[in-house]
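Residue numbering for the sequence shown follows our numbering, starting at 184 and increasing by one per position. Comments concern the structure below.
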Amino acid sequence: MDSPATHVRGLSPSAQALYVAVQASNRPNAVMIVVVPDDAEVDRFCTDTRFFMAALEGGSASSLDEAIKPFPSLQIDPYRNIAPHFGVASARAAALHAVASGTARVVVASGAALLPRMSAPGHLEAAAIELKPGQDLDPVVLGDLLADAGFTREDPVDDHGEFCIRGGIVDYFPAGADSPVRVEFVGDTIESIRRYDPATQRSIETLDQAAVVPLTEKAGSATFFDYVPGDRDLSFVVVEEEEVKAQAQNLAEQLQGSFQEAKDEHPKAPAPEELMIPWEQVAERLANATRVDQLAIGVAGSEEQDPAYGPSNPTPPTNPTPRILD
184 MDSPATHVRG
194 LSPSAQALYV
204 AVQASNRPNA
214 VMIVVVPDDA
224 EVDRFCTDTR
234 FFMAALEGGS
244 ASSLDEAIKP
254 FPSLQIDPYR
264 NIAPHFGVAS
274 ARAAALHAVA
284 SGTARVVVAS
294 GAALLPRMSA
304 PGHLEAAAIE
314 LKPGQDLDPV
324 VLGDLLADAG
334 FTREDPVDDH
344 GEFCIRGGIV
354 DYFPAGADSP
364 VRVEFVGDTI
374 ESIRRYDPAT
384 QRSIETLDQA
394 AVVPLTEKAG
404 SATFFDYVPG
414 DRDLSFVVVE
424 EEEVKAQAQN
434 LAEQLQGSFQ
444 EAKDEHPKAP
454 APEELMIPWE
464 QVAERLANAT
474 RVDQLAIGVA
484 GSEEQDPAYG
494 PSNPTPPTNP
504 TPRILD
């Protein structure tokens, strides 16, 4: 983790993504966890970071999708008995798998997304499978794995979460992907893996590998941070930290209110702390994170200690240009 904490100020939203892309490009074997205020920022930040990473390193759209993962919040009140939106749940599961398997280089999460408890990493990884050309696998078994992972059988495959089997060809549409994947077999051996256009059925890109990841995560007692391998070079970046903290704390307050209402009707309703970790626990993990803000409101040499994240700088600058404060 980054130590000591660094504060980068005076960056526009696009420049913030450029900063992250440069740092990630300089550390290709590391994983950066970028925490932003809300889910709209998750989408924007991922899009901008992919753009800058493509400019810095090149690479295909699929490789950038694998390297830069969104991790949105569940966007539901668990006491209302409403399931998360399919796209949200599957994006979270895909990001967790990418972090645990080491393929993710940048994960962009809202502060609220880091609060829910979830199943242990081993449960998700046991349900996931990596596919590569030359691999021995019965197409029917792959179909069973896709069904177990939450995919629905449809022919043709047109939408996320669908799959079909036609002889020695298995098509499936991973959640969050721009296009479906076609796995072609010779007997029980994978011959090729391609992305294709569902409208024309023409191949778009040949892949060296692909993954089948469960479309949803399960409840449990683990946290997002448990998914990061202990031997991985890891750094955290917090963008607009005060907004991140406020949004996460608002969620905690809303859940507390919902719990008070729910327990009147359902006395055994789980308490918020059984469903979410406290923000203070997240803040502790982010203590040495690099902080990135739009406003250039600080100068080196006049630092105060922020209890959540480390040094901060309230003193107005004499020159409002972007700067890094160590």
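Built from N, CA and C at the ideal position, the CB exists for glycine as well. Since the model is a prediction, treat every value here as computed from it, not as a measurement.
Asked, Found
"Going by DSSP in three states, residue 338 sits in which element: helix, strand or coil?", "coil"
"Excluding the 5 residues preceding and the 5 following residue 267 in the sequence, name in chain order all residues of the same chain whose CB lies nearer than 6 Å to its CB.", "257 and 259"
"Answer with buried or exposed for residue 478, where buried requires no fewer than 16 other C-beta atoms within 10 angstroms of its C-beta.", "exposed"
"Between the alpha carbons of residue 312 and residue 262, how many angstroms are there, rounded?", "33 Å"
"Between residue 343 and residue 277, what straight-line distance do the alpha-carbon atoms span, to the nearest angstrom?", "13 Å"
"Give me the DSSP bridge partner(s) of residue 389.", "377"
"Whole alpha helix (DSSP H) runs in the region 272 to 348 with 4 or more residues, listed along the chain?", "304 to 309 and 322 to 331"
"Would you call residue 322 buried or exposed, if buried means 16 or more other Cβ atoms sit within 10 Å of its Cβ?", "buried"
"Flag this pair as touching only if the region 280 to 298 and the region 207 to 223 have three or more C-beta atom pairs under 8 Å; answer yes or no.", "yes"
"Which residues bound the alpha helix (DSSP H) around residue 253?", "It is not in any alpha helix (DSSP H) - residue 253 instead sits in the beta strand (DSSP E) that spans 251 to 254."
"Whole angstroms are fine: how far does the CA of residue 210 sit from the CA of residue 232?", "15 Å"
"At the level of alpha carbons, what is the spacing between residue 430 and residue 308?", "30 Å"
"Is residue 218 near residue 294, with beta carbons less than 7 Å apart?", "yes"
"Bridge partners for residue 355 per DSSP, in chain order?", "346 and 364"
"Could you tell me whether the Cβ atoms of residue 327 and residue 372 are closer together than 7 Å?", "no"
"Touch check for the region 461 to 473 and the region 188 to 200: three-plus C-beta pairs under 8 Å?", "yes"
"Please state if the CB of residue 299 and the CB of residue 274 are separated by a distance shorter than 7 Å.", "no"
"Report back the beta-carbon spacing between residue 411 and residue 282 to the nearest angstrom; my notes put them in contact at under 8 Å.", "6 Å"
"So for residue 232, helix, strand or coil by DSSP?", "helix"
"Contact between the region 409 to 427 and the region 384 to 400 is defined here as three or more beta-carbon pairs at a separation below 8 Å; is this criterion met?", "no"
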